[in-house]
Amino acid sequence: MAYVIPNGAKQGQLDDPTTGVIRIEGPSEENALVGFSVNCAGDVNGDGIDDIIVTQFTKSRAYVVFGSRESEHIQLDHLGDRGFIIASKQNDRTGYFATGVGDIDGDGKDDVAVISLTRNSRAGAATVVAGSDDIATVEIPDSKRIIATIDGAPEQGLSTIAPAGDVNGDGKPDLVLGGYVAKPAGYEGSAHGMAWVVFGHVRGEVKLGEDFEGFTVNGPERGRDRLGISVASAGDLDNDGKDDLIIGADGAPGAGPDKRNGAVAIVRGADSKQTVTTDPAATDGKSVAADGKDRGWWIDGVEDAGSFGFAVSALPPQKKGSSGTLVIGDYSANRAWALDTRALNAPRISVDDVSDDYISVIKGEAKAERLGRGVGVVEGMNGRNGHQFVAGGDGIGSIGTMRVADLPAQGPTDDEPSEAPDPEEEPTEDSTQTSDPAEGTQQPEAPGDDADTDTGAPEGSEPEDDTGSSGNSRENGAGAGSSADAGEGAGAEAQQQGGNNSPLPRTGAQFAGALAAGAALIAFGITAIMLFRRRTK
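First residue of the sequence shown? That's -13 in this note's numbering, and the numbers climb one at a time after it.
Spelled out as structure tokens, the structure:
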């Protein structure tokens, strides 16, 4: 089951009709796991109202549910003219993750992508399906409505996808994919993780194990960082006309033996196809680099907490020359952070060392809440001004929750754009500007997945078998997805995106708009509790 909260609610139960929650129910079969991945799809049928994509990966299918101004519950058993099904002819876990990816084919309708986790002997694949008002089932791999298929490579399995914005500055929407169990060629060990950026209006078949139009991001050579567990666009953080990326690596090591902090990599956009490498301990100070040139930043999580970066999202700079906001979940620490990018004052930083002026935190009340399994950005929740960030927890042994908090205020950065693909200048901290702490791919792990791959899971942090995919994403994924106004989703008019060139409303969140809970949350049919709080130490 999935839930949509069109206008937000300060707190309440999902089964309380006074909250205005819209239920997406069914199908009526055992072990359906409907809602394992839920995201905003954008305006798929072109009617001016945003739509939602809901998956059932155990049956290798996904449902695109058309939005409506009518606040009525929806039965997936009887979808009728309210949407269409995407189904694979193989038992390949199609729908392990799904999200809207913007208008890839330029026809004015937003398109969607679904991950088939175990296709091609677990190399994985992403299928991009054209937006349409046609309610006929889309059958993978044969449907004429398939725009592109992106195939993973052996030992580099795909697990999440998100719209990337315009990473190379050519005016066309790009895609970013993640595979946290991936092993780059020539590396020893396992679960280094990888991400891939595919440029332009992608068409036909793309093989990531061969030459393709885009570039690869490799996890650290030490292994088990699980880079690519979540992916999202961060917008143009360095004011160079190219959108940048945030990529989770929730297995990054901590100080003690077998301890894990988790981390995220911020990768600058570029029109280069050069492979980007990550090395947090680089002696030349280039934690994220390509061909010896700086390409970003590395952010370490809370010391020995365990899963920082499991879910990521972002609010791109809301005006030229402004800072952006990064949103990061860590369910082992039971927290989610919103981080102003003016804090990126060195190639490698720790979230523990960031000034209170540049950070806002949501903290769960009990460790079993596992807050930070999903994160996202919304606007105007409960009638509040501006953007807020949301964090969800799936609540092992208890009902799950969703919490909402204000973002740190964005502020001016260096007005001079960086050069690409060698953007050496870092955003500088403006001491005159402070904020009042107050905007997708992470995705959930698949229960019962029997892969024999070493996933490098943080010790004690992964109760399920972890074979497959990213934070938001998947969700959202993103992974993940995009952030959206609180009124979006089923029953709200679509909004034009701000912050980059993707047609979806604001890239970055694996929870989209009115979705009160994302894949890691909704999959378990939990209660949503929205609480506003500022940073807690």
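For glycine and all other residues, C-beta sits at the position ideal for the given N, C-alpha and C.
- Taking C-alpha positions only, G240 is separated from D290 by approximately 5 Å.
- The beta-carbon distance between D286 and A249, rounded to whole angstroms, is 5 Å. This is short enough to meet the 8 Å contact definition.
- With fewer than 16 other Cβ atoms from the protein chains shown falling within 10 Å of its own Cβ, H59 counts as exposed.
- For the alpha helix (DSSP H) assignment, the uninterrupted runs of no fewer than 4 residues enclosed by the region 66 to 152 are, from N- to C-terminal side, 105 to 108.
- Boundaries of the beta strand (DSSP E) harbouring Q374: 373 to 379, taken from the DSSP string.
- Note on S57: under 16 other CB atoms within 10 angstroms of its CB, so exposed under the neighbour-count rule.
- Between the region 367 to 387 and the region 313 to 330, the count of C-beta pairs closer than 8 Å reaches three or more; the two stretches touch.
- Each residue's CA atom was taken as its position, placing D156 and G186 some 8 Å apart.
- Around the beta-carbon of N77, fewer than 16 other beta-carbon atoms lie within 10 Å, marking it exposed.
- DSSP, read as helix, strand or coil, puts P3 in helix.
- In the structure shown, the three-state DSSP call for R281 is coil.
- In the structure shown, K349 adopts extended strand secondary structure according to DSSP, grouped into three states.
- Note that the C-beta distance between W182 and L163 is below 8 Å.
- Judged by beta-carbon spacing, D229 lies within the 8 Å limit of S219, meaning their Cβ atoms are closer than that value.
- The beta carbon of A238 lies closer than 6 Å to those of D211, N247, G248, A249 in the same chain, with the five residues before and after it left out.
- Residue state for M180 is assigned as strand, using DSSP reduced to three classes.
- Beyond the five residues adjoining it in sequence on each side, D338 comes within less than 7 Å, by CB distance, of V288, E289 in the same chain, given in chain order.
- Taking P206 as reference, the option from V184, P394, A168 with the minimal CA-CA separation is A168.
- Assignment of G310 by DSSP, reduced to helix, strand and coil, places it in the coil class.
- Beta-bridge pairing by DSSP links S219 to L231.
- Of the candidates G386, T269, D33, E11, D33 places its Cα closest to the Cα of R55.
- Per the DSSP secondary-structure output, I60 pairs in a beta bridge with I10.
- The criterion of a C-beta distance shorter than 8 Å is satisfied by R281 and V253.
- Between G143 and A235, the C-beta gap is not smaller than 8 Å, which leaves the two residues out of contact.
- In this chain, the beta strand (DSSP E) harbouring R334 covers 334 to 336.
- Here the alpha carbon of I335 sits roughly 8 Å from the alpha carbon of W283.
- Ranked by how close their Cα comes to the Cα of V361, the residues I345, D392, V340, V298 have V298 in first place.
- In the same chain as Q61, and ignoring 5 residues on each side of it, the C-beta atoms closer than 7 Å to its own belong to E11, G12, in chain order.
- DSSP places I39 in the uninterrupted beta strand (DSSP E) bounded by 37 to 42.
- With contacts defined by Cβ atoms closer than 8 Å, G86 and C26 form a contacting pair.
- Rounded to the nearest whole angstrom, the CA to CA distance from G110 to T5 is 39 Å.
- Scanning M367, E16, E15, G190 for the CA closest to the CA of K130 turns up G190.
- Considering only A122, Q260, I126, the residue with the shortest C-alpha distance to A99 is I126.
- Beta-bridge annotation (DSSP): P398 is paired with S308.
- In the structure shown, the three-state DSSP call for R356 is coil.
- Boundaries for M(-13): no beta strand (DSSP E) harbours it, and the DSSP string shows neither H nor E there.
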